[in-house]
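Q: According to our numbering, the sequence shown is numbered sequentially starting from 2. Please find one structure pasted underneath; my questions will follow.
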Amino acid sequence: MQVKEEKFECFSETERLVIRPLKKDDYENWLHEFENRNPSQHRHDQGKIDMSECTLEWFHNLVDQHQALARTDTAHVFGVFRKEDGIHIGMIDFSTLARNEFQWGRMGYNIHNQYWRSGYGKEAVKGALTMACNHLKFHRIEAHINLDNTPSIKLAESVGMEFECLRKGFLYEYDEWTDHFVYYKNFH
2 MQVKEEKFEC FSETERLVIR PLKKDDYENW LHEFENRNPS QHRHDQGKID
52 MSECTLEWFH NLVDQHQALA RTDTAHVFGV FRKEDGIHIG MIDFSTLARN
102 EFQWGRMGYN IHNQYWRSGY GKEAVKGALT MACNHLKFHR IEAHINLDNT
152 PSIKLAESVG MEFECLRKGF LYEYDEWTDH FVYYKNFH
């Protein structure tokens, strides 16, 4: 697996994927794949999304926001692209929870549902975890997962993340405070 540094950026290549920050010229590819999502498969899958406000200008602002977040080490947001044809198949992000003696971050991942059941999620998360360790210099990455999100739990386990605990009333979503499982991976 290759990891490269660029100005405020890093990317990773796996066997079938390139994981890198979005660029302004990704707009049409990015929009097309969001617009071609299948209907929702379960509660935690957004399925089809109204993309009408996602204009070219909106997207350029989004890319600028991602770059600003990376420069301040607040968050690092990556697109997931297939090597064979450059198609955008999903997103992965890392949020910095604490630095200094902790080097601790949170990971989120989402593969467009039209690309599920192809092993892309596992491959993308593994590649992204390599970046988290080698480029972003995290020691610990957590995934916070809804209790009923079985596909996400299976994905976390399949890449070697370990179950740590249940956090009660951890995140406000679905109009209530929800419990989450915490899965983690330590690198050093």
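Even glycine gets a Cβ: it sits at the ideal position worked out from N, Cα and C.
How long is the line joining the alpha carbons of Thr15 and Phe171, rounded to whole angstroms?
A: Straight-line Cα distance between these residues: approximately 33 Å.
Q: Measure the C-alpha to C-alpha separation of Gly106 and Asp86 and round it to an integer number of angstroms.
A: Straight-line Cα distance between these residues: approximately 31 Å.
Q: Please state the DSSP three-state secondary structure of His189.
A: In the structure shown, His189 sits in coil (DSSP, three-state: anything other than H, G, I, E or B).
Q: Determine which residues share a DSSP beta bridge with Val160 and list them.
A: Answer by DSSP bridge pairing: none, since Val160 is not bridged.
Q: Using the Cβ count rule (16 or more neighbours within 10 Å means buried), how would you classify Ile1?
A: Residue 1 lies beyond the residue range present for the chain, which begins at 2 and ends at 189; the question has no answer from this structure.
Q: Residue ranges of each alpha helix (DSSP H) run of no fewer than 4 residues wholly in the region 48 to 134, ordered along the chain?
A: For the region 48 to 134, whole alpha helix (DSSP H) runs of length 4 or above, ordered along the chain, are 57 to 72.
Q: Classify Ala144 as buried or exposed, calling it buried when 16 or more other Cβ atoms lie within 10 Å of its own Cβ.
A: Buried, by the Cβ-count rule.
Q: Under three-state DSSP, which class holds Glu36?
A: Here Glu36 sits in helix by DSSP.
Q: Taking the alpha-carbon of Met108 as reference, which of Ser119, Ala76 and His136 has the nearest alpha-carbon?
A: Answer by Cα proximity: Ala76.
Q: Report the rounded CA-to-CA distance for Tyr110 versus Lys123, giving the unit in angstroms.
A: Going from the Cα of Tyr110 to the Cα of Lys123 covers about 10 Å.
Q: Rounded to whole angstroms, what is the Cα-Cα separation between Ile90 and His189?
A: So the two alpha carbons sit approximately 30 Å from each other.
Q: Using 8 Å as the threshold, is the C-beta distance between Gln104 and Lys138 below it?
A: Cβ atoms of Gln104 and Lys138: closer than 8 Å.
Q: So which of Ser159, Asp149 and Glu174 has the shortest CA-CA distance to Ala125?
A: That would be Ser159, whose Cα lies nearest to the Cα of Ala125.
Q: Buried or exposed for Lys25, please, with buried defined as at least 16 other CB atoms from any protein chain shown within 10 angstroms of its CB.
A: When all chains shown are included, Lys25 counts as exposed.
Q: May I ask you to report which of helix, strand or coil DSSP gives Lys155?
A: Correct three-state label for Lys155: helix.
Q: Which one of Arg21, Leu23 and Gln42 has the shortest CA to CA distance from Gln115?
A: When only C-alpha atoms are compared, the closest one is Gln42.
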